[in-house]
Amino acid sequence: MVSNAALYYKKPPHGAPVPGETLQRVVDDNFDADNVPLNGGILVQSKALSLDPYMRGRLRDPAIKSYNQPFELNKPIVTLGVGVVLRSDDPSIKPGQIFKGLFDLAEYAVVPPALVKIGRVIENKEQLPWTTLVGAAGMPGATAWIGLYDIGKPKKGETIFVSAASGAVGQIVGQLAKRDGLFTIGSAGTDEKVAFLKEIGYDVAFNYKTESTQKILEQHPPDIFWDNVGGETLDIVYNTIKQKGRIIACGAISQYNLPEEKKYGVKNTAAIVTKSLRHEGFIVSQFPQDEFNEKMPPLVKSGEIKIKEHIIKGIDNGEAFLDMLEGRNFGKAVISLE
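So that you can map any letter, position 19 of the sequence shown is 19 in our numbering, and since no number is skipped, the others follow by simple counting.
This is the structure:
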């Protein structure tokens with residue numbers, strides 16, 4: 001028997017999730033890792049577990065339809081994780097292998113066949129840290145890669161503006177764009193984060209709380225906007241983006257925890273027509289990721305792509321999840337269970 005801590009979904013939130021109420025750390029002191037039924041799946045000992053903004057959308061009433069299923073009440077929430085296979089009912093997966101995929105946010109997780117099928121065994125040839133495997137070399141990195149290249153179609157000499165640029169996705173977007181010869185602008189919410197943006201090569205980095213986004217973008221009108229925040233920032237971009245600009249809709253974190261009556265109503269949508277804009281969202285899991293999986297790990301290993309991680313040691317009551325949603329983390333939020 002071993003102890004197994006997990007983060008359970010206990011109560012739908014109204015506004016921001018409440019640690020210990022919406023989400024709650026639950027410990028099973030008698031988890032039988034040797035005999036727990038696998039039912040065709042695998043048992044993984046988790047090494048790193050990702051915390052990402054999209055997860056907020058799964059804390060919802062099941063009657064509200066979306067592209068993904070809501071989390072189930074009184075069960076562990078599910079996230080992108082990486083860990084070592086302890087036991088397997090799947091003949092293609094062996095104990096000792098490294099598995100990366102979706103499974104319970106827990107120290108030990110039984111991964112059902114349906115989730116085994118969409119995950120994968122990895123070799124980690126570059127010997128990247130566990131936390132990086134679910135960050136820059138995981139879903140956030142793939143989001144940056146696919147959104148920039150499949151949706152943004154960047155061209156050398158263009159200008160890109162990235163909101164929440166120091167976050168898990170934004171820090172990768174800016175570096176990839178700079179690598180391809182674009183002029184890069186990034187916004188963040190603290191001076192420390194702005195300094196990091198300059199360190200990783202952003203041409204213009206600013207604190208949106210103390211500087212005017214409107215004035216910055218009037219000085220440097222973007223061809224491409226990577227939207228992580230939505231709300232008023234998106235409205236400003238409509239006013240300042242160039243003709244035939246592209247807006248990559250990745251998220252709207254400024255709005256996720258607001259009740260409906262307080263959400264920002266975007267006003268300047270007429271610019272989509274008058275400027276012949278392309279405004280497109282995407283779901284990263286719906287795109288092939290072979291090119292990303294081949295090319296990104298070596299870029300991270302070599303240091304060509306620099307990363308900042310906000311590592312949380314162990315599973316808490318949801319405090320780290322709330323911090324991530326409200327921007328109190330610095331870099332990719334990831335739980336380490338090493």
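In this text, a Cβ means the ideal position worked out from N, Cα and C, and glycines have one as well.
Straight-line measurement puts the Cα of I315 at about 31 Å from the Cα of G231.
Non-local beta-carbon contacts of P113 in its own chain, meaning distances under 6 Å to residues more than five positions away in sequence, involve G40 and G41 in chain order. With respect to the C-alpha of V84, the residue from V111, L59, R328 and P70 having the closest C-alpha is V111. Here the alpha carbon of K275 sits roughly 5 Å from the alpha carbon of Q243.
For A177, the secondary structure class from DSSP, reduced to helix, strand or coil, is helix. Counting every other CB atom within 10 Å of its CB across the protein chains shown gives G157 a total below 16, marking it as exposed. If you look at G141, you'll find it isn't in any beta strand (DSSP E); it sits in the alpha helix (DSSP H) that goes M139 to I146.
Taking C-beta atoms under 8 Å as the contact rule, L277 and G245 qualify, at a distance of about 5 Å.
The Cβ-Cβ distance between G167 and V82 does not fall below 9 Å.
Boundaries of the alpha helix (DSSP H) harbouring G231: G231 to T240, taken from the DSSP string.
For T269, the secondary structure class from DSSP, reduced to helix, strand or coil, is coil. For E309, the enclosing beta strand (DSSP E) begins and ends at E309 to K313. Taking the CA atoms as reference points, I185 sits about 27 Å from L322. Judged by pairs of C-beta atoms under 8 Å, the segment 4-15 touches the segment 60-74, as three or more such pairs exist. Burial check for P140: the Cβ neighbour count within 10 Å reaches 16 or more, so the residue is buried. Residue nearest to D223 within the set Y238, Q24, D32 and S3 is Y238 (criterion: CA-CA distance).
Close CB contacts of G281 within its chain, under the 6 Å cut and outside five residues either way in sequence, are with A249 (chain order). Within the segment 8-42, the complete beta strand (DSSP E) segments of 3 residues or longer fall at 23-31, listed in chain order.
Unbroken alpha helix (DSSP H) runs of no fewer than 4 residues, entirely contained in the segment 245-295, are found at 271-274, following chain order.
With contacts defined by Cβ atoms closer than 9 Å, A109 and S46 form a contacting pair. Assigned with DSSP and collapsed to three states, A114 falls in helix.
CA-to-CA, the gap between I200 and Q171 works out to about 8 Å.
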